[in-house]
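These notes are about the structure you will find just below.
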Amino acid sequence: MSGGQARPETKVLVLLGLLALALMIGASSGVIGLSPRLLFGDWPDALGWQVWWQLRLPRLLLGVLIGAMLAAGGAAMQGLFRNPLADPTLLGLANGAGLAVAALIVLGGGMAGPLGLYAQFLAGFIGALVVSALVFQIGRRYRGREAVVTLLLAGLAINVIAGAGGGLLAFIASDEQLRQLSLWGMGSLAHALWPATLAAMVLLPLALLGLARCARGLDLLQLGELTAHAAGLDAQSLRRRVILAVSLGVGASVALAGIIGFIGLLVPHVLRLWMGPGHRLLLPASMVGGALLLVVADTLARTMMSPAEVPVGLLTSLLGGPYFLWLLLRRRRTAME
Amino acid sequence: MLTLEEACLDTTPRLAAISDRLAPGELLGVIGPNGAGKSTLISLLSGYRAPSRGRVLFDGVALADHDPAALARRRALVAQAEAPAFDWRVSEFLGLGGGTSDGIARAIHALELEAFEARGIGGLSGGERQRVMIARALCQLDALEGDGTLTRLLLLDEPNSALDIGHQQRLMRLLQRLVRERGLGVVCVLHDLNLAATYCDRLWLLRDGARVASGTPREVFANGGIAEVFDVELEISLCDERPRLRLRQ
């Protein structure tokens with residue numbers, strides 16, 4: 001492949017082209033097939049229009065936004081922790097947000113409508129924020145290889161606690177709440193309707209923009225905190241901005257679509273191999289790459305067992321879990337060399 | 001350029017008060033046993049740690065009161081070797097702290113990086129990586145150009161710990177050249193006392209977080225203090241007006 005020689009900007013354009021293609025395929029395929037011509041205003045019938053406007057368009061948009069957020073959030077966390085395995089799911093951010101949202105559903109007395117939606121955003125944000133602050137406090141006490149292990153163990157512990165908390169909540173939940181929990185919790189874009197998508201269209205670009213502005217700081221941080229300070233970096237302010245943006249974005253994503261794992265691990269890792277670790281390119285490229293992966297995965301989830309639908313979180317975990325194991329094996333080998 | 005007024009750190013690790021000045025065009029060596037506070041001193045001089053009491057002034061203004069971006073072009077640091085988490089291409093890594101492409105080319109030449117300029121930093125040996133770190137700091141200051149009109153400070157913490165003896169000598173000569181020709185002020189933590197005695201204009205000897213001696217290498221090595229600080233049996237002779245140390249068998 002000549003990929004190594006292409007200009008990095010060209011690579012982002014290639015990704016954008018692939019995303020456009022995936023969106024076209026995603027728009028036309030499903031239980032009710034739609035001709036790609038509809039994108040050019042050629043409406044076959046009222047049903048086609050309904051499916052496109054009420055179901056597919058908001059779902060595609062939500063997939064783009066959440067995919068972009070999860071991947072860019074992963075890239076930023078990895079830069080912040082200087083650790084290629086730091087991922088919002090592995091570190092427990094997503095599950096922390098999930099536990100907070102589940103607690104709201106079960107204990108919050110069932111708010112409906114837009115108010116309930118925003119309360120869920122807030123719960124997700126706070127859950128993710130608490131976990132990231134905690135993980136960061138643990139992670140900064142260690143250096144090098146020790147830090148990698150400690151972080152992953154901390155994430156494991158948080159995931160176990162969140163799992164147990166979620167189980168407890170499911171245990172005390174009423175039947176109606178239980179149905180709501182299981183619908184939301186598996187990680188799926190199936191509930192993407194305009195109110196949720198519109199809210200995501202406000203919150204997630206905000207978080208993405210916040211992350212994009214951290215690119216130079218994240219690059220500098222790779223020098224080590226002391227050297228980066230001498231190169232003009234205010235590491236504390238960078239940390240605050242990254243953690244806030246990731247918590248906001250991941251919290252909102254989890255509130256909307258449940259836990260969709262491994263996108264934040266997979267996408268930045270592949271892209272770093274392809275275009276290098278510089279965040280000025282890696283962050284925007286991860287946004288496009290994450291959107292691409294989630295749109296493709298969601299299209300598969302909708303169509304592979306049609307008319308039934310596989311939760312897309314299952315698919316990304318099936319893809320990402322083995323990849324993560326392979327990464328661990330590879331790291332072990334390089335460590336021994 | 002750098003003035004310490006009774007600057008001290010009460011935190012752990014602690015550092016007793018020091019008052020001194022570093023002039024442009026001076027190569028200051030910092031020596032002392034493990035845990036003496038050398039790296040702590042570097043973080044104080046760099047402004048990463050603020051003094052608990054006293055002041056550290058750069059061109060008459062406290063380090064914390066400088067604009068960080070402007071100060072970054074005048075003060076750079078090479079920390080103790082730490083491998084980057086990601087595999088940067090060397091040429092890309094050199095530009096991380098800022099610097100022109102000319103400055104990067106000069107630094108590549110000065111640290112003899114031509115052979116692995118296009119390679120990933122993860123595949124380099126410890127010594128090669130150390131040279132990349134030093135070159136990056138030079139890029140940040142554009143240290144291989146200009147004269148002493150713009151005061152510039154370079155702080156190095158054991159920059160030669162992984163270098164072979166040839167590169168150690170060439171590094172010390174490069175530092176001397178930066179000081180003499182470009183008017184930089186350089187503070188360099190060294191473990192090799194002979195290198196320190198041979199190349200530094202002035203030495204600070206640290207022990208248990210306090211500066212116990214300071215002066216020219218001859219002055220610092222003059223009495224038996226150095227052997228006591230390091231708890232080692234030494235013979236000190238003079239060679240070209242510079243002290244030379246030998247371990248006693």
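Line by line, the protein sequences give chains A and B. Quick note, the first sequence lines up with residues 1 to 337 if you use my numbering. Quick note, the second sequence lines up with residues 1 to 249 if you use my numbering. Even for Gly, the Cβ is constructed at its ideal location relative to N, Cα and C. Note that the structure is predicted; figures quoted are calculated from it, not measured.
- Contact check for G32 of chain B against L205 of chain B passes: the beta carbons are separated by less than 8 Å.
- Taking a contact as a CB-CB distance under 8 Å, the pair A72 of chain A and L209 of chain A does not count as one, their CB atoms being some 10 Å apart.
- In the three-state reduction of the DSSP assignment, F324 of chain A falls in the helix class, which pools H, G and I.
- A Cβ-Cβ contact shorter than 8 Å links P195 of chain A with L117 of chain A.
- Contact between the region 237 to 253 of chain A and the region 121 to 141 of chain B is absent: fewer than 3 CB-CB pairs across the two stretches fall below 8 Å.
- The three-state secondary structure of S46 of chain B, taken from DSSP, is helix.
- Excluding residues up to 5 positions away in sequence, E233, L234, E235 lie with their Cβ nearer than 8 Å to the Cβ of R248 of chain B in the same chain.
- Bridge partners of R21 of chain B according to DSSP: B:T3.
- The residue from B:T40, B:Q130, B:T100, B:P68 with its alpha-carbon nearest to that of D10 of chain B is B:T40.
- Assignment of beta-bridge partners to F58 of chain B by DSSP yields B:L2, B:V61.
- DSSP, read as helix, strand or coil, puts I263 of chain A in helix.
- Straight-line measurement puts the Cα of A200 of chain A at about 21 Å from the Cα of A301 of chain A.
- Bridge pairing for A76 of chain B: B:L154 [DSSP].
- Near chain B, meaning a CB-to-CB distance below 7 Å, the residues of the region 69 to 93 of chain A are R82, N83, P84.
- Separation of A170 of chain A and W53 of chain A (C-alpha to C-alpha, rounded to the nearest whole angstrom) is 34 Å.
- When C-beta atoms of the region 220 to 227 of chain A are compared with those of the region 263 to 273 of chain A, fewer than three pairs fall below 8 Å, so the two segments do not count as touching.
- Taking CB atoms only, A173 of chain A has no neighbour in chain B less than 8 Å away.
- For C200 of chain B, no beta strand (DSSP E) run applies, since DSSP gives it neither H nor E.
- Under the DSSP assignment, S237 of chain A falls in the alpha helix (DSSP H) whose first and last residues are 235 to 257.
- Chain A places no beta carbon closer than 8 Å to that of E158 of chain B, leaving this residue out of the contacts.
- Here the alpha carbon of Q222 of chain A sits roughly 11 Å from the alpha carbon of L233 of chain A.
- Listed in chain order, the positions of the region 56 to 76 of chain B with a beta carbon within less than 9 Å of a beta carbon of chain A are D67, P68, A69, A70, L71, A72, R73, R75, A76.
- Chain B places no beta carbon closer than 8 Å to that of P8 of chain A, leaving this residue out of the contacts.
- The three-state reading of DSSP puts R129 of chain B in helix, counting H, G and I together.
- The shortest CA-to-CA distance from V179 of chain B to any of B:L144, B:P159, B:C239 is the one to B:L144.
- With 16 or more other Cβ atoms from the protein chains shown falling within 10 Å of its own Cβ, H279 of chain A counts as buried.
- In the structure shown, the three-state DSSP call for G215 of chain B is strand.
- Apart from the 5 residues on each side of it in sequence, Y199 of chain B sits with its Cβ closer than 8 Å to the Cβ of L27, G29, M172, R173, L175, Q176 in its chain, given in chain order.
- If you check the CB distance, G155 of chain A and V135 of chain A come in under 8 Å.
- Between the alpha carbons of L189 of chain A and R152 of chain B lies a gap of roughly 56 Å.
- Contact between the region 77 to 97 of chain B and the region 156 to 164 of chain B is present, with at least three C-beta pairs closer than 8 Å.
- Along the region 200 to 231 of chain A, going in chain order, the ones with a CB nearer than 7 Å to a CB of chain B are D219, L220, Q222, L223, G224, L226, T227, H229, A230, A231.
- Buried is the label assigned to L60 of chain A, since at least 16 other Cβ atoms lie within 10 Å of its Cβ.
- Close CB contacts of L23 of chain A within its chain, under the 8 Å cut and outside five residues either way in sequence, are with L60, V64, V295 (chain order).
- Per DSSP, the unbroken alpha helix (DSSP H) holding S101 of chain B starts and ends at 101 to 110.
- None of the residues of the region 281 to 314 of chain A has a beta carbon lying less than 7 Å from any beta carbon of chain B.
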